[in-house]
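Here the numbering used here is used: the first residue of the sequence shown is 5, the next is one more, and so on.
The beta-carbon is built from N, C-alpha and C at its ideal position, and this holds for glycine as well.
Have a look at the structure below, then the notes.
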Amino acid sequence: MTPNNQTGASWYADPSQGSIPDSFNLFQEQFLKPLGKTAVNIEREKESAEYGSVRFEIDGQTCLYRQAKHTPKKVGQFAALWKRPAMSGEIAPFDYDDGIDRVIILVGEHPRFGVFVFPCRLLVEKDIFSEKSIGGKRAFRVYAPWVMPSAAQAKRAKIWQCDHFVELTDTTQGLAQLAKVL
């Protein structure tokens with residue numbers, strides 16, 4: 005798998021550009037379609053555009069898509085995952101009752117890339133989604149298998165996160181793994 009397709013779209017393109025991020029379009033074309041899956045009700049979430057935020061449905065399940073970002077001082081990548089309950093209000097974590105079934109987060113360090121596919125219940129257990137508006141986070145750091153964090157908390161996070169990681173660098177292997185989790 006190369007990071008680009010015939011149209012010049014790139015897994016590593018700026019996720020804030022375009023009506024739908026290149027990486028999401030590539031994910032659909034190169035992985036969902038070959039699995040016979042179709043993303044419907046695709047909606048770009050404008051407020052988190054820098055993270056390639058998209059909401060969509062697949063097989064009747066509501067999914068959130070994010071493209072994680074590198075930050076200069078820490079290993080891993082950073083993903084924003086929040087909602088704004090009122091147009092002028094403060095941001096808040098997603099809640100178990102918001103009807104989100106899965107969160108898909110793209111990560112990459114050229115030439116490797118992949119996705120974390122987190123079920124909603126797991127994100128509640130890890131205090132990333134709130135439950136009954138209690139707890140939750142607005143963002144968190146993700147650690148792909150090739151990332152070697154040194155902090156104990158980051159190492160613990162990497163362990164549970166990698167149980168939900170699908171490497172997409174090799175298309176054939178990626179398709180087989182993705183078929184099991186979608």
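- Scanning its chain for C-beta atoms nearer than 6 Å, with the 5 sequence neighbours on each side dropped, one finds around Glu61 the residues Val44, Asn45, in chain order.
- With contacts defined as CB atoms closer than 7 Å, Ser137 and Asp99 qualify as a contacting pair.
- Here Leu110 is bridged, per DSSP, to Gln71, Val119.
- At a Cβ-Cβ threshold of 7 Å, Phe117 and Val146 do not count as neighbours.
- Per DSSP, the beta bridge partners of Glu61 are Val44, Thr66.
- Taking 8 Å as the upper bound for CB-CB distance, Pro153 and Lys141 are not in contact here, some 17 Å apart.
- Per DSSP, Arg160 lies in no beta strand (DSSP E) segment; the continuous alpha helix (DSSP H) that holds it begins and ends at 156–166.
- Per the C-alpha coordinates, the member of Thr173, Pro149, Glu171, Thr66 positioned closest to Arg106 is Thr66.
- Minimum Cα-Cα distance from Val185 among the listed residues Lys73, Gly22, Phe28, Phe122 corresponds to Phe122.
- Within the same chain, Cβ atoms closer than 8 Å to the Cβ of Gly178 are found at Met5, Phe35, Gly118, Val170, Glu171, Leu172, the five residues on either side in sequence being excluded.
- Excluding five sequence positions before and after Leu39, the CB atoms of its chain that fall closer than 6 Å to its own CB belong to Ala183, given in chain order.
- In this structure, the beta-carbon distance from Val128 to Gln81 does not fall below 7 Å.
- By the criterion of a C-beta distance shorter than 7 Å, Asp167 is surrounded by no residue of its chain, once the five residues flanking it on both sides are discounted.
- If you look at Arg125, you'll find it in the alpha helix (DSSP H) that goes 124–129.
- Counting along the chain, the unbroken alpha helix (DSSP H) around Val185 starts and ends at 175–185.
- In this structure, Ala90 lies away from Ala72, with their beta-carbon atoms at least 7 Å apart.
- One alpha carbon belongs to Ser20, the other to Glu33, and they sit about 19 Å apart.
- A distance below 8 Å between beta-carbons, with the five flanking residues on each side excluded, links Gly56 to the following residues of its chain, in chain order: Pro19, Ser20, Pro25, Ser27, Phe28, Tyr69, Arg70, Gln71, Leu110.
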